[in-house]
Ligand SMILES: NC(=O)c1ccc[n+]([C@@H]2O[C@H](COP(=O)([O-])OP(=O)(O)OC[C@H]3O[C@@H](n4cnc5c(N)ncnc54)[C@H](O)[C@@H]3O)[C@@H](O)[C@H]2O)c1
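Numbering (this note's numbering), first residue to last: 14 to 354.
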């Protein structure tokens, strides 16, 4: 049984804690750390059978019996904790994004090349059963050459403005998952980005310097076109759909619902709303991504969602930010060259 430590006991740290303790085979959470550890979180951890609860994550890094760590703390801590965990010889699963600063991601990449430990980034949507099915169809050539990829990604409600202020903006916080989905679904790299953005949901988001609604068009290196549409608030729940259109056909993924019951009556035909948010929609994907991480360690396999996925998605996000600010198409190569890439 592999001992794992979790750094950060907020929303996503708790998701991973529950999924490892309940569903992931071959691993157990030995310790969890959070500087704002409280009685409620301690009781939650103890209830799951997590024996060690700390305020200082260094206790986890110093524990020789812990082989792997999951970095689930706030984004601004990910790259620094990654470097310390690499130096401590741990295998690492790091939540997205690794950092907003490309130089800091490159520092982590350099340290990984020397240390040779496995490092997985938390792009959970790649493990969603629907998206995996669509990717398998594209990869198998069932739709022929990809021409257009459409990703719809809308949250059920906007986060608090205090969160928006430190989030790095919608592109690096929310759309980053969709940028990764473009790379995953197409098996291609993004060449150029053009972004439109608007404040349609909450003026306070605009006052905080961000947008809440966006459409991002992308040229891929193959010549295919991708488009993402985002909103921070969809009145009917979490709207997460993908359609890939190619020379030979099309593959589409619809939202998961509580049930597939469809009621027809005099007023119309009624179906369930999408599952409410990421905790409902992606719970199995969270289990599957951590299961794959553990499997990669135990069976010495290459991780499929590594540091380069974390890096590319941030480069695309920065290109989108610049496109919006300067109202022009931006090449990924323009951003990359500023970091010596
Ligand atoms: N993959 C996904 O679907 C997904 C979903 C939600 C959040 N996230 C990412 O996970 C990270 C955490 O998000 P969240 O929603 O759980 O936030 P959160 O605010 O609920 O939790 C973050 C926790 O980290 C703790 N923390 C801060 N500094 C720390 C440190 N030095 N050591 C240990 N703990 C520390 C905070 O006290 C807090 O409890 C963010 O980077 C976010 O982007 C990913």
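Each residue gets a CB set at the ideal place from its N, CA and C atoms; glycine is no exception.
Predicted model, so just to flag it, every value in this text is computed and none were measured.
Original post:
Of all residues in the structure, which have a C-beta closer than 6 Å to any heavy atom of ligand 1, taken in chain order?
Top reply: Spelled out in chain order, the answer is 20, 21, 22, 23, 24, 25, 26, 46, 47, 48, 49, 70, 85, 86, 87, 88, 90, 108, 109, 135, 137, 291.
Original post:
For residue 34, does the three-state DSSP call read helix, strand or coil?
Top reply: Note: residue 34 maps to helix in three-state DSSP.
Subject >> Beta bridge counterpart(s) of residue 65 as assigned by DSSP >> reply: For residue 65, which the question treats as bridged, DSSP gives the partners 44.
Original post:
Should residue 305 be labelled buried (16 or more other beta-carbon atoms within 10 Å of its own) or exposed?
Top reply: Result: buried.
**OP:** Can you have a look at residue 113 and say buried or exposed, based on whether 16 or more other CB atoms are within 10 angstroms of its CB?
**Re:** Residue 113 comes out buried.
**OP:** Decide if residue 323 is buried, meaning its Cβ has at least 16 other Cβ atoms within 10 Å, or exposed.
**Re:** Residue 323 is buried by the Cβ-count criterion.
Original post:
What first and last residue would you give for the beta strand (DSSP E) that runs through residue 83?
Top reply: Counting along the chain, the beta strand (DSSP E) containing residue 83 begins and ends at 81-84.
Original post:
According to the Cβ coordinates, are residue 208 and residue 333 closer than 8 Å?
Top reply: For residue 208 and residue 333, yes; Cβs fall inside 8 Å.
**OP:** Tell me where the alpha helix (DSSP H) around residue 323 begins and ends.
**Re:** Run containing residue 323: 320-339, per the alpha helix (DSSP H) assignment.
Original post:
Per DSSP, what kind of secondary structure is residue 104 in: helix, strand or coil?
Top reply: In this structure, residue 104 counts as strand in the three-state DSSP scheme.
Original post:
What number of angstroms, rounded off, separates the C-alpha of residue 335 from the C-alpha of residue 236?
Top reply: In this model, residue 335 and residue 236 are separated by some 22 Å (Cα to Cα).
Original post:
Cβ of residue 103 within 8 Å of Cβ of residue 80?
Top reply: Cβ distance < 8 Å, so residue 103 and residue 80 count as in contact.
Original post:
Which residue or residues does DSSP assign as beta-bridge partners of residue 165?
Top reply: Paired residue(s): 242, 254.
Original post:
Which residues mark the beginning and the end of the beta strand (DSSP E) in which residue 276 is found?
Top reply: Its beta strand (DSSP E) spans residues 275-278.
**OP:** Over the uninterrupted alpha helix (DSSP H) stretch that includes residue 121, give me the two end residues.
**Re:** Segment 115-128, the alpha helix (DSSP H) holding residue 121.
Subject >> Extent of the continuous beta strand (DSSP E) to which residue 75 belongs >> reply: Taken as a continuous stretch (DSSP letters only), residue 75 belongs to no beta strand (DSSP E), being part of the alpha helix (DSSP H) at 71-75.
Original post:
Per DSSP, residue 207 forms a beta bridge with which residues?
Top reply: Looking at the DSSP assignment, residue 207 forms a beta bridge with 230.
Original post:
So residue 19 is in the alpha helix (DSSP H); what residue range does that whole segment cover?
Top reply: Segment 15-20 is the beta strand (DSSP E) holding residue 19; no alpha helix (DSSP H) there.
Subject >> residue 30 vs residue 42 beta-carbon contact at 8 Å >> reply: Contact: yes.
**OP:** Output the distance between the C-alpha atoms of residue 51 and residue 72, rounded to the nearest integer angstrom.
**Re:** Rounded to the nearest angstrom, the gap between the Cα atoms of residue 51 and residue 72 is 17 Å.
Subject >> Within the segment 144-195, ranges of the alpha helix (DSSP H) (whole runs, at least 4 residues) >> reply: If we require 4 residues or more, the alpha helix (DSSP H) runs fully inside the segment 144-195 come out as 174-179, 183-186.
Original post:
In or out: residue 70 buried (at least 16 other Cβ within 10 Å) or exposed?
Top reply: The Cβ neighbour count for residue 70, taken over all protein chains shown within 10 Å, is at least 16; the residue is labelled buried.
Subject >> Secondary structure of residue 58, DSSP reduced to three states >> reply: Residue 58 falls in the helix class under three-state DSSP.
Subject >> Helix, strand or coil at residue 344 according to DSSP, with G and I counted as helix >> reply: In the three-state scheme derived from DSSP, where H, G and I count as helix and E and B as strand, residue 344 is classed as strand.
Original post:
What does a CB cutoff of less than 7 Å around residue 329 pick up in its chain, not counting 5 residues either side in sequence?
Top reply: Excluding positions up to five away in sequence, the list reads 192, 203, 206, 345.
Original post:
What is the residue span of the alpha helix (DSSP H) that residue 219 lies within?
Top reply: First-last of the alpha helix (DSSP H) with residue 219: 216-220.
Subject >> Cα-Cα separation, residue 115 to residue 85 >> reply: Residue 115 and residue 85: Cα-Cα distance of roughly 19 Å.
Original post:
Between which two residues does the beta strand (DSSP E) harbouring residue 289 extend?
Top reply: For residue 289, no beta strand (DSSP E) segment is defined, and its DSSP state is neither H nor E.
Subject >> Where residue 312 falls, given that 16 or more other Cβ within 10 Å makes a residue buried >> reply: Exposed, by the Cβ-count rule.
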